[in-house]
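Participant: Sequences listed follow chains A and B, in order.
The opening position of the first sequence corresponds to residue 12 in our numbering, with each subsequent residue numbered one higher.
The opening position of the second sequence corresponds to residue 12 in our numbering, with each subsequent residue numbered one higher.
First the structure, then my questions, so here it is.
Protein chains: 2
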Amino acid sequence: MRRILLFSTSTVHGTGYMEYAMPYIGDFLAGIREILFVPYARPGGISHERYTELFRGPMEAAGYRVRSIQDADDPIAAVDTAESVFVGGGNTFVLLTALHAGGLIEPVRKRVAAGMPYMGSSAGSNVAGLSLGTTNDMPIVQPPSFEAFGLVPFNINPHYVDPDPGSTHMGETRATRIKEFHAFNPQPVVALREGALLRVERGEAVVEGARGGRLFMAGQEPTELQSSDRLDELLES
Amino acid sequence: MRRILLFSTSTVHGTGYMEYAMPYIGDFLAGIREILFVPYARPGGISHERYTELFRGPMEAAGYRVRSIQDADDPIAAVDTAESVFVGGGNTFVLLTALHAGGLIEPVRKRVAAGMPYMGSSAGSNVAGLSLGTTNDMPIVQPPSFEAFGLVPFNINPHYVDPDPGSTHMGETRATRIKEFHAFNPQPVVALREGALLRVERGEAVVEGARGGRLFMAGQEPTELQSSDRLDELLES
């Protein structure tokens with residue numbers, strides 16, 4: 012029943028906000044015309060209102076109606092009646108804190124389990140996983156729990172970047188960070204490069220878009236992911 | 012009374028572990044010959060034992076005795092009797108979780124307030140600040156609180172990197188992340204490039220080492236920090 016579309020990033024270099032993503036959204040949503048937008052992640056600290064307007068631009072141009080959860084008198088009721096949800100990127104700690112504070116974790120889980128399409132980019136993709144434990148963001152606020160929606164039984168690392176062999180920087184590479192994650196957590200990590208996305212429906216999980224990613228399993232060497240690769244078996248754990 | 016030495020990184024590119032740091036440690040510790048090492052941050056997921064051995068190498072070569080808090084029957088008593096403390100880098104979430112679990116926050120605060128020299132690198136420098144809110148690390152475990160030692164009344168961002176104007180990566184720059192931090196937190200952030208350190212004693216806070224850093228104050232443009240710059244006024248807030 013689950014229908015989930017997770018983008019590594021809202022924007023790829025040299026294109027407009029969500030521009031590259033629109034064909035995937037159009038194909039995924041098919042007949043659905045309304046999207047409930049969750050602006051809580053506030054990229055760059057912008058207001059919920061400005062963020063919603065940013066999202067509304069390309070969506071309305073493509074014929075979708077956008078409601079903001081921020082404008083709803085009852086956000087849980089807005090989730091309960093949404094035709095589809097899109098959780099925008101920004102800071103994952105800010106996003107997850109707001110989701111917990113609003114009591115929205117369970118309502119979204121229930122709707123997605125019942126077939127409501129869930130879409131997210133960046134932080135909005137990260138929180139579709141089991142926990143925020145593989146976010147790249149700065150912990151600028153403290154959520155009551157790191158537990159996330161768990162719409163898929165693994166973790167997502169958005170904006171994945173490969174180690175740079177020419178770097179003189181001594182901070183950890185992304186691959187090292189995910190290896191450290193696996194010293195404390197058992198679940199697989201699907202790392203998506205910018206331009207890549209993961210589409211889940213009909214019990215299938217498919218990598219789409221450009222540039223692919225990497226699959227990190229605890230205790231194993233990571234494996235390369237390319238567009239059209241299937242990760243169906245990960246859905247069963 | 013406070014005596015604090017905070018390194019951005021344990022290692023600069025092309026040199027051995029702690030090699031560049033030894034002259035600063037020698038000058039800072041003066042007559043003190045014993046260091047209590049805190050290996051909790053476990054860089055790369057290595058064991059506490061291996062990490063302590065790594066640290067012991069250059070320290071013993073320079074004539075210091077190294078005790079590991081991990082070998083102490085009573086870690087709090089080890090802090091209470093330490094001549095000096097060095098908190099090693101690694102994952103800040105793992106480190107702070109262990110510090111809270113061991114009840115070590117208050118004991119370290121008290122000893123530092125009474126004049127015991129505190130040294131840290133990377134994660135060990137970050138936790139000397141008010142919170143871990145400006146770490147760069149992945150949140151691979153959930154600490155009970157983001158509150159850190161607060162030995163200085165501001166936050167530290169280690170491994171600071173400047174925005175790369177040639178980058179096509181859409182993830183946030185470090186400067187943007189710290190700006191987002193200031194949308195939710197009031198305290199100054201002292202960001203130190205690799206090679207730089209902050210030395211606090213006699214009521215003075217001095218930037219030392221190579222490459223400097225940046226000072227981020229809420230609502231203001233960041234200012235450049237260079238070696239020998241003084242941040243004494245930040246100690247008074």
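Just so you know, even glycine gets a beta-carbon here, dropped at the ideal spot from N, CA and C.
None of these values were measured; they are calculated from a predicted model.
#1: What does A/T146 reach in chain B if we use C-beta pairs closer than 8 angstroms?
#2: Report yes or no: do the region 217 to 231 of chain A and the region 186 to 193 of chain B share at least 3 C-beta pairs separated by less than 8 angstroms?
#3: Which residues in the same chain have their Cβ closer than 7 angstroms to the Cβ of B/A73, if we skip the five residues on either side of it in sequence?
#4: Let's see if you can read the secondary structure: which residues bound the alpha helix (DSSP H) around A/R120?
#5: What do you reckon, are the CB atoms on B/L208 and B/L17 nearer than 8 angstroms?
#6: Near A/G161, which residues of its chain fall below 6 angstroms by C-beta distance, leaving aside the five closest residues on each side in sequence?
#7: Can you tell me which of the three DSSP states B/N168 falls into?
#8: Going straight from the alpha carbon of A/E60 to that of A/Y75, what length do you get?
#9: Mind checking who B/T234 pairs with in its DSSP beta bridge?
#10: Counting C-beta neighbours from all protein chains within 10 Å, is the total for A/M12 16 or more, i.e. buried, or is it exposed?
#11: What do you get for B/Y28, buried or exposed, if any count of 16 or more other CB atoms within 10 angstroms of its CB means buried?
#12: Quick one: which chain A residues come within Cβ less than 8 angstroms of B/H5?
#13: Give the DSSP-derived three-state secondary structure of A/S136 in the structure shown.
#14: In chain order, which alpha helix (DSSP H) runs of at least 4 residues are fully inside the region 80 to 104 of chain A?
#15: Is DSSP giving A/A32 helix, strand or coil here?
#16: May I ask you to verify whether the region 96 to 116 of chain B touches the region 139 to 158 of chain B, counting CB pairs closer than 8 angstroms and requiring at least 3?
#17: Beta-carbon of A/E191 versus every beta-carbon of chain B: anything under 8 angstroms?
#18: If you reduce the DSSP assignment to three classes, tell me which class B/F157 lands in.
#19: If you compare alpha carbons, which of B/T146, B/E219, B/N196 is closest to A/G56?
#20: Taking three-plus beta-carbon pairs below 8 angstroms as touching, is the region 135 to 150 of chain A in contact with the region 162 to 172 of chain A?
Facilitator: Working from what's here:
#1: Numbered from its first residue, the first sequence carries residue 146 of chain A at position 135. Within 8 angstroms Cβ-Cβ: M149, P150.
#2: no
#3: To locate residue 73 of chain B, count along the second sequence from 1; it is residue 62. Taken in chain order, the residues that qualify are M33, G37.
#4: Position 109 of the first sequence, counted from the start, is the residue given in the question as residue 120 of chain A. Where A/R120 is concerned, the enclosing alpha helix (DSSP H) stretches over 116 to 124.
#5: On the second sequence, residue 208 of chain B is found 197 positions in, with the first residue counted as 1. On the second sequence, residue 17 of chain B is found 6 positions in, with the first residue counted as 1. Their beta carbons are under 8 angstroms apart, which means B/L208 touches B/L17 by this criterion.
#6: The residue labelled residue 161 of chain A in the question sits at position 150 within the first sequence. Excluding residues within five positions, the ones whose Cβ falls inside 6 angstroms are L141.
#7: Indexing the second sequence from 1 puts residue 168 of chain B at position 157. DSSP places B/N168 in strand when its eight states are reduced to three.
#8: Counted from its first residue, the first sequence places residue 60 of chain A at position 49. Counted from its first residue, the first sequence places residue 75 of chain A at position 64. Their Cα atoms are separated by approximately 18 angstroms.
#9: Indexing the second sequence from 1 puts residue 234 of chain B at position 223. According to DSSP, B/T234 bridges with B/L226.
#10: If you number the first sequence from 1, residue 12 of chain A lands on position 1. So A/M12 counts as exposed.
#11: For this step, residue 28 of chain B is matched to residue 17 along the second sequence. When all chains shown are included, B/Y28 counts as exposed.
#12: Only positions 12 to 248 of chain B appear in the structure, and residue 5 of chain B is not among them; the question remains open.
#13: Working through the first sequence from its first residue, we reach residue 136 of chain A at position 125. Here A/S136 sits in helix by DSSP.
#14: 86 to 92
#15: Position 21 of the first sequence holds residue 32 of chain A. Note: A/A32 maps to coil in three-state DSSP.
#16: yes
#17: To locate residue 191 of chain A, count along the first sequence from 1; it is residue 180. Cβ-Cβ to chain B under 8 angstroms: yes for A/E191.
#18: If you number the second sequence from 1, residue 157 of chain B lands on position 146. B/F157: coil per DSSP, three-state reduction.
#19: Position 45 of the first sequence, counted from the start, is the residue given in the question as residue 56 of chain A. Minimum Cα distance to A/G56 is reached at B/N196.
#20: yes
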